[in-house]
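Just below is one structure, and these are the notes that go with it.
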Amino acid sequence: MIDEKELESIRDDLSRLSNDKIEQTKASRDVVKKSKELIYSIHRGDMETAKDKAAEIEEMRKKLDEMAKTEKLRGQHSYSIAVQEYVEAVTYHEVMTSKRLPTRKQLNADTELYLMGLSDLTGELVRKAVDDMVKENYDRATWLRDVVSEIYGAILSLDFEGGEARRKSDQIKWNLNKLEDLVYDAKIRGKI
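Per our numbering, residue 152 is the first one in the sequence shown, and the count goes up by one each step.
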């Protein structure tokens, strides 16, 4: 009754899918690792290394997207995490070097992953602003507060149904509050 050729074809498909998932998970981890390296380079102020890491991450992302050729593979948790980290790292690099936020299209990210990456970006901007305050770079710290405020204003205009994107978008408000407290404290002390 069971067609043996069909059964063998199913085995081959399942084996291929399993191997594809394994390879994609490895490529996703590589993108996440490189994203963290890019972010760390920016925090250290090593913009030359950051530029190199940004170029590397672009190639890694292309490779990852080539692997994620089906909806099932793009739905993998490891892929989603990699895209979020990629969005966070690349937007951080662009904000700090070009003072702009790349679009979803430029980053080849779906709406939800893009928004989650932007939410995570605001945490990095807080870290940078704190570092700037310590180094008495008050102008940039204030500018970073303004960037987070602009992102928060834009996010407020969106209608989330809940879930992870909603939770992460709430982080922007907390991050903005931290920055406003930092700027307020600097003003009280007469630094700004």
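Beta carbons: idealized from backbone N, C-alpha and C, even for Gly.
Residue i, buried or exposed, once every other Cβ within 10 Å from all chains shown has been counted against 16
i	result
residue 222	exposed
residue 257	exposed
residue 179	buried
residue 268	buried
residue 212	buried
residue 218	buried
residue 262	exposed
residue 190	buried
residue 254	exposed
residue 166	exposed
residue 296	buried
residue 342	exposed
Of the residues the options, the one placed nearest residue i, counting alpha carbons only
i	options	result
residue 185	155, 235, 278, 218	235
residue 250	232, 301, 215, 319	301
residue 187	161, 218, 271, 213	271
residue 282	195, 331, 268, 259	195
residue 202	241, 214, 231	241
residue 216	189, 259, 255	259
residue 331	277, 232, 237	277
residue 293	262, 338, 313, 253	338
residue 336	233, 315, 284, 295	284
residue 231	343, 340, 316, 342	316
residue 183	318, 168, 252, 237	237
residue 176	165, 214, 254	214
residue 197	248, 164, 266	248
residue 329	279, 164, 166, 167	279
residue 398	210, 273, 181, 220	Summary: the structure shown does not reach residue 398, with the chain confined to residues 152 through 343, and so no result is reported for it.
Closer than 8 Å: residue i CB and nearest the ligand FAD heavy atom
i	result
residue 238	By its list of ligands, the structure shown contains no ligand whatsoever, and the ligand FAD lies outside what it can speak to.
CB-CB length for residue i against residue j, believed under 8 Å
i	j	result
residue 244	residue 193	6 Å
residue 275	residue 239	7 Å
residue 327	residue 303	5 Å
residue 298	residue 334	The pair is not a contact, with the Cβ atoms about 12 Å apart (cut-off 8 Å).
residue 320	residue 252	Contact flag wrong, Cβ pair sits at about 15 Å.
May I ask you to verify whether the segment 285-292 touches the segment 301-314, counting CB pairs closer than 8 Å and requiring at least 3? With a cut-off of 8 Å, the segment 301-314 and the segment 285-292 do not count as touching, because too few Cβ pairs lie within range.
Would you call the segment 155-166 and the segment 205-218 in contact, with 3 or more CB pairs under 8 Å? Under the Cβ criterion (8 Å, minimum of three pairs), the segment 155-166 does not count as touching the segment 205-218.
Segment contact, 8 Å Cβ cut-off, at least three pairs: the segment 170-177 with the segment 211-227: The segment 170-177 vs the segment 211-227: in contact.
Uninterrupted alpha helix (DSSP H) stretches inside the segment 175-228 (no shorter than 4 residues): Taken in chain order, the complete alpha helix (DSSP H) segments of 4 residues or longer contained in the segment 175-228 are 198-218, 222-225.
In chain order, which beta strand (DSSP E) runs of at least 3 residues are fully inside the segment 264-332? DSSP runs (the beta strand (DSSP E)) wholly in the segment 264-332: none.
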